[in-house]
Structures are given as structure tokens and as C-alpha cells.
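K.L.:
Structure provided below as C-alpha cells; questions to follow.
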Amino acid sequence: MIKTFLRNSFIYTIGTILTRGIGIILIPIYTRYLTPGEYGVIDLFLILTSFISLTIALEIHQAVVRFYQNTDDEDEKMQYVSSAFMFSIFVYSLYFAVSYLFSDIFTLLILDDIKYRNIFLLASGAIATGGLFYFTSGQLRWQILPKQSVIVSILHVLVVAFIAVYLLIIKDMKVESIFIGQIVGNLVGIFLSIYFVKKSYKAVFVYEKFKEMVSFSYPLVFSGVAIFVALYVDRIAIKELRGLEELGIYGVAYRFAAVASLVMIGFQSSLSPLIYKHHKEEKTAKNIARLFDGFVVFALLVVGGSILFSKEVVMLMSTQSYYGAAPLIPLLVASVLFSNMYIFAPGLGIAKKTKTLASISIFGAGLNTILNFTLIPIFGLYGAAFATLSSAIMVFILYVLIAYKYYPIPYKTKNLSIAFVFVLSSGYGVLNMFSEITAMTITIKVFCFLGVEVVVILLLIEKEYLKKIHLRIKKII
Numbered sequence: 019m020i021k022t023f024l025r026n027s028f029i030y031t032i033g034t035i036l037t038r039g040i041g042i043i044l045i046p047i048y049t050r051y052l053t054p055g056e057y058g059v060i061d062l063f064l065i066l067t068s069f070i071s072l073t074i075a076l077e078i079h080q081a082v083v084r085f086y087q088n089t090d091d092e093d094e095k096m097q098y099v100s101s102a103f104m105f106s107i108f109v110y111s112l113y114f115a116v117s118y119l120f121s122d123i124f125t126l127l128i129l130d131d132i133k134y135r136n137i138f139l140l141a142s143g144a145i146a147t148g149g150l151f152y153f154t155s156g157q158l159r160w161q162i163l164p165k166q167s168v169i170v171s172i173l174h175v176l177v178v179a180f181i182a183v184y185l186l187i188i189k190d191m192k193v194e195s196i197f198i199g200q201i202v203g204n205l206v207g208i209f210l211s212i213y214f215v216k217k218s219y220k221a222v223f224v225y226e227k228f229k230e231m232v233s234f235s236y237p238l239v240f241s242g243v244a245i246f247v248a249l250y251v252d253r254i255a256i257k258e259l260r261g262l263e264e265l266g267i268y269g270v271a272y273r274f275a276a277v278a279s280l281v282m283i284g285f286q287s288s289l290s291p292l293i294y295k296h297h298k299e300e301k302t303a304k305n306i307a308r309l310f311d312g313f314v315v316f317a318l319l320v321v322g323g324s325i326l327f328s329k330e331v332v333m334l335m336s337t338q339s340y341y342g343a344a345p346l347i348p349l350l351v352a353s354v355l356f357s358n359m360y361i362f363a364p365g366l367g368i369a370k371k372t373k374t375l376a377s378i379s380i381f382g383a384g385l386n387t388i389l390n391f392t393l394i395p396i397f398g399l400y401g402a403a404f405a406t407l408s409s410a411i412m413v414f415i416l417y418v419l420i421a422y423k424y425y426p427i428p429y430k431t432k433n434l435s436i437a438f439v440f441v442l443s444s445g446y447g448v449l450n451m452f453s454e455i456t457a458m459t460i461t462i463k464v465f466c467f468l469g470v471e472v473v474v475i476l477l478l479i480e481k482e483y484l485k486k487i488h489l490r491i492k493k494i495i
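Start counting at 1 in the sequence shown, then tack on 18, and there's your number in the working numbering.
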């Protein structure tokens with residue numbers, strides 16, 4: 019399992035570095051051609067996209083991954099995939115039809131001005147095609163086809179980027195250019211994803227399979243909505259309490275924080291299918307714990323780097339209007355990591371306790387909502403970042419404690435806690451020593467950064483693995 023995981027994880031990580039790297043490269047372009055208010059509009063529709071994708075398709079893609087690995091019959095697998103896909107096509111088509119028919123009302127409700135109707139319609143098209151792209155590209159991961167998945171992801175982001183930048187710079191189309199790029203990129207990604215696993219798709223809908231999947235997945239809709247609230251209530255609250263300008267600044271900070279997903283995506287894309295496939299094997303729980311230790315090493319590397327260098331990155335990659343994003347980035351990086359670490363506590367998914375999953379998510383959403391609407395009026399954007407991080411940590415702790423009853427994982431709880439506190443205290447301690455950006459201060463930060471990471475490795479990686487790594491390095495030298 020571990021060898022397969024490492025191979026697949028490496029492929030997914032390389033692909034994500036390329037795709038997210040392109041996204042990060044685009045930030046200087048977007049921040050120069052779009053005002054914080056226009057960036058806020060994009061972020062507002064990003065929130066709507068997430069809500070729609072979590073609800074109208076009843077989270078049926080999660081049922082596909084659960085039932086697909088439970089059968090060896092290829093025809094039965096096709097029935098699961100095809101039934102779920104046909105249902106997804108229906109609900110996203112219905113969503114776009116309703117959006118078109120009532121576009122005037124929805125435009126006024128969301129953007130407060132009917133002149134933005136075309137933007138709303140383009141965004142709705144991007145949302146509908148994006149939902150289908152998410153399903154079809156996800157199926158490549160569920161069938162454990164990492165190379166094909168990465169090819170699709172890279173081509174998708176290249177198409178989106180090329181069209182958006184062309185329309186933004188050459189045609190001066192502003193916000194519309196982003197959504198047009200997304201629509202074209204989504205369509206290309208959908209057709210290519212289906213082509214790679216064309217045997218899994220047929221124009222069939224098997225009601226019995228659909229009913230079986232929905233029985234599993236519908237409680238996850240409540241969980242999904244709760245997760246949506248937990249992830250986006252900060253931006254909803256900022257929009258209501260502080261306006262689109264500050265939402266745009268916060269949105270830029272979140273995009274830089276998305277670097278954390280480079281650490282997460284390789285684990286997330288390859289681990290879940292393997293866990294469901296091998297969870298009955300005796301060594302799986304211990305292997306998950308080892309993988310979690312390795313993940314934390316990389317995760318803390320990203321957190322420590324974001325603490326020390328976020329100011330330099332924002333100044334290099336954006337304009338002065340967005341400099342307020344810098345101090346928010348480390349908090350949001352940690353939030354992104356904690357909100358996705360539930361994959362290392364798979365007990366509830368294995369035991370099919372989807373209602374419990376929903377309850378945990380609802381608790382997290384409620385906590386995050388209360389904290390955001392309490393802290394933002396007092397601390398502004400800092401309050402939003404602190405609220406989001408605090409609720410993400412609490413939800414992760416609940417996942418671990420409850421999932422442990424169904425599928426125990428031997429975590430190194432003490433060492434993990436020490437490493438986390440050590441990175442935070444060291445990072446902010448060094449950061450507070452320097453107020454200016456010079457070659458000397460950057461050099462000092464780099465050496466401190468490397469020293470902190472060495473300590474984390476010694477705390478979390480087993481000595482036998484460190485010895486093996488040392489021996490391999492000696493052979494190479």
C-alpha cells in the first residue's frame with residue numbers, strides 16, 4: 019500500500035505543483051488588471067460554486083468512490099459511474115436553466131445591480147460545467163489513474179489561464195474573462211476525462227444503483243453544507259461586515275494560502291481510494307500513522323515558510339493595494355491544512371457513519387459562524403483568519419477522537435503537538451525580530467527555517483527510516 023501511495027502521491031503532487039503554480043503566476047496579472055472590488059466579485063462566485071457543488075448533486079461522487087472499490091464486476095462498476103454521471107448531468111442542467119430563467123432576480127440578490135446580469139450568467143455556466151468536470155476528473159482518481167488525472171488537470175488549467183489572460187489583457191473583458199476561461203477549460207477537461215475511462219461511461223441509469231448510492235451520500239449533503247459554511251463563512255461575513263474591497267484582499271491571501279494544498283493534494287488524491295481498498299489488512303492502520311507523520315513534516319514546512327516569507331511573497335507578486343493580505347496568509351495556510359486532514363482519520367467513512375460525519379461538520383460550521391461574526395467586528399480580517407483556524411482545529415480533533423473508536427490509528431500525539439507549537443513559536447519569534455526586508459534578514463530567516471524543519475523531522479520520523487535515508491545518501495555520495 020505504501021509503495022503504491024508514494025508513487026501515486028508523487029505524480030499527483032507534481033501535477034498539482036504545475037497546476038497551482040500556474041494559478042499563483044496568474045495572481046500578479048489579476049491583481050494588476052482587477053481592482054480589489056472586482057476580485058471580490060470573483061471570490062463571491064467561488065463561494066457560490068462551492069455551495070452548489072456540495073448540494074444539488076447530493077454528494078453522489080463520494081458514493082461512487084465508496085461502492086466502486088467494493089466490487090470486481092466491471093459491468094457493475096460501470097452502472098455505478100454511469101448512473102451517478104447521468105444524475106449529475108440532469109441536476110446541473112436544471113440548475114443552469116433555473117439560473118437563466120430567474121437571472122434578473124438572482125443578479126440583484128447577489129450583486130445588487132442588474133447591469134451584472136451577463137457576469138451572473140457566465141458564472142452560472144462556469145458553475146454547471148465545473149460540477150461535471152469535478153465529477154469526471156474525480157473518477158480518474160477513484161479508478162487510481164494518477165497519470166491521466168494529472169494530464170487532465172494540467173490541460174484544464176492551461177486552457178482556463180490562456181483564455182482568461184487573453185480576454186483580460188487583449189480584449190479588456192475584466193471579470194467576464196475569468197468565467198469564460200473556466201467554461202471552456204471545464205468542457206475540455208470533461209471530454210478528456212471521459213475519454214481516458216470511456217468504458218466506465220454509458221448512457222444508462224440503473225435506479226437500484228442510484229438509490230444505493232444516494233442512501234449513502236445524502237447525509238453527506240448536510241455535512242457538505244456544514245463544511246461549506248465552515249470554509250466560506252469568513253468570506254460571507256467579510257462581504258456583509260466589511261465590503262467587497264476587503265473581501266478581495268482576503269481572497270488574495272487565501273489564494274496564496276492555497277500553496278498548502280500542494281502538500282495536501284498528493285495525499286488526498288491517492289490515499290482515500292487505497293484506504294478503502296486495504297482497510298481490512300492488518301498493517302494499514304500503522305501505515306496510515308506513518309504517512310500522517312510524513313505529511314505533518316511537509317505541512318509544517320509550509321506553515322513555517324508562510325510565517326517567515328509571506329510579506330516578501332505578497333510584495334513580489336501583487337500591488338500595494340493587496341499588501342494587507344500578507345499577515346493573514348500563515349493563519350489561512352494552517353486552516354487549509356487542518357480542514358483537510360480528516361483523511362488521516364478514516365474510521366467514520368469505513369464504518370459508513372455518514373450521519374456522524376454530518377454532525378461533526380455542522381458543529382464546525384456553527385462554531386466558525388459564531389466566531390467570525392464575533393471577531394470580525396473587533397479584529398477585522400485578522401478576526402476572520404483566527405476564527406477559521408480555531409474552528410478547523412476543533413473539527414479535526416473531533417474527527418480523530420470519534421473515528422478512533424471505529425478504526426484506531428496509532429498517532430504520535432505528544433510529538434505532533436510539540437512539533438506544531440515549536441514551529442509556531444519559532445516562526446513568529448524570528449519574524450518579530452525583523453521589520454525590514456533585506457538580503458541579510460532573508461538569509462537569517464532561511465537558516466532558521468531549515469533548523470526548525472530538522473527538529474520537526476527528528477521529532478516525527480522514526481529512527482529506522484532516518485537511518486535508511488542516511489545510508490542511501492552515503493551510497494549516492
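Heads up, the beta-carbon is just placed ideally off N, CA and C, and yes, glycines get one too.
Everything numeric in this text was worked out from a predicted model, so none of it was measured.
Use the C-beta contact count for Tyr48: other C-beta atoms within 10 angstroms, 16 or more gives buried, fewer gives exposed.
P.N.:
When all chains shown are included, Tyr48 counts as buried.
K.L.:
Helix, strand or coil for Ile479, going by three-state DSSP, please let me know.
P.N.:
In this structure, Ile479 counts as coil in the three-state DSSP scheme.
K.L.:
In terms of residue numbering, what span does the alpha helix (DSSP H) encompassing Val215 cover?
P.N.:
Note, Val215: premise wrong, no alpha helix (DSSP H); not H, not E.
K.L.:
Applying the criterion that 16 or more other CB atoms from any shown protein chain within 10 Å of the CB defines a buried residue, is Val270 buried or exposed?
P.N.:
Answer is buried; the Cβ neighbour count reaches 16.
K.L.:
Apply the 10 Å Cβ neighbour rule to Ala81 and answer buried if 16 or more other Cβ atoms are within range, or exposed otherwise.
P.N.:
Answer is buried; the Cβ neighbour count reaches 16.
K.L.:
Among Gly149, Ser117 and Tyr152, which has the Cα closest to the Cα of Arg135?
P.N.:
Of Gly149, Ser117 and Tyr152, the residue nearest in Cα terms is Ser117.
K.L.:
Between Arg253 and Ile45, how many whole angstroms is the CB-CB distance? I'm expecting something under 8 Å.
P.N.:
Actually they do not touch by this definition, with Cβ atoms about 17 Å apart.
K.L.:
Out of Phe69, Ala363, Gln157 and Ile162, which has the shortest C-alpha to C-alpha gap to Val247?
P.N.:
Cα-wise, what sits closest to Val247 is Phe69.
K.L.:
Once DSSP output is grouped into helix, strand and coil, what is the label at Phe120?
P.N.:
Correct three-state label for Phe120: coil.
K.L.:
My understanding is that Val10 touches Gly149, with C-beta atoms under 8 Å, so please give their C-beta distance in whole angstroms.
P.N.:
There is simply no residue 10 to check, as the chain begins at 19 and stops at 495 in what is shown.
K.L.:
Is the CB-CB distance between Lys227 and Gln97 below 7 Å?
P.N.:
In this structure, Gln97 lies closer than 7 Å to Lys227 by Cβ.
K.L.:
Look at the Cβ atom of Phe153, then the Cβ atom of Gly207, and state whether they are nearer than 7 Å.
P.N.:
Contact flag unset, no.
K.L.:
Secondary structure at Arg260, three-state DSSP: helix, strand or coil?
P.N.:
Arg260 falls in the coil class under three-state DSSP.
K.L.:
Between the C-alpha atoms of Leu11 and Lys295, what's the straight-line distance to the nearest angstrom?
P.N.:
The structure shown does not extend to residue 11, since the chain is modelled only from 19 to 495, so the question has no answer here.
K.L.:
Compute the distance between the beta-carbons of Ile411 and Phe452, then report whether it is under 7 Å.
P.N.:
No; because the gap between Cβ atoms is not below 7 Å, this pair is not in contact.
K.L.:
Whole angstroms are fine: how far does the CA of Ile460 sit from the CA of Ile495?
P.N.:
For Ile495, the predicted structure reports a pLDDT of 49, less than 50, and the residue's modelled location is therefore unreliable. A value from the coordinates is still provided. Ile495 and Ile460: Cα-Cα distance of roughly 30 Å.
K.L.:
Would you identify the three-state DSSP class for Val297, choosing helix, strand or coil?
P.N.:
The residue you asked about is not Val; residue 297 is His in the sequence shown. The answer is coil: DSSP assigns His297 none of H, G, I, E or B.
K.L.:
Spatial neighbours of Met104 within its chain, please: C-beta separation below 8 Å, excluding the five flanking residues on both sides.
P.N.:
Around Met104: Ala221, Val222 and Phe223.
K.L.:
Give me, in chain order, the residues of the same chain whose beta-carbon lies closer than 6 Å to that of Tyr57; leave out the 5 immediate sequence neighbours on both sides.
P.N.:
So the list reads Gly266 and Gly269, once near-sequence residues are dropped.
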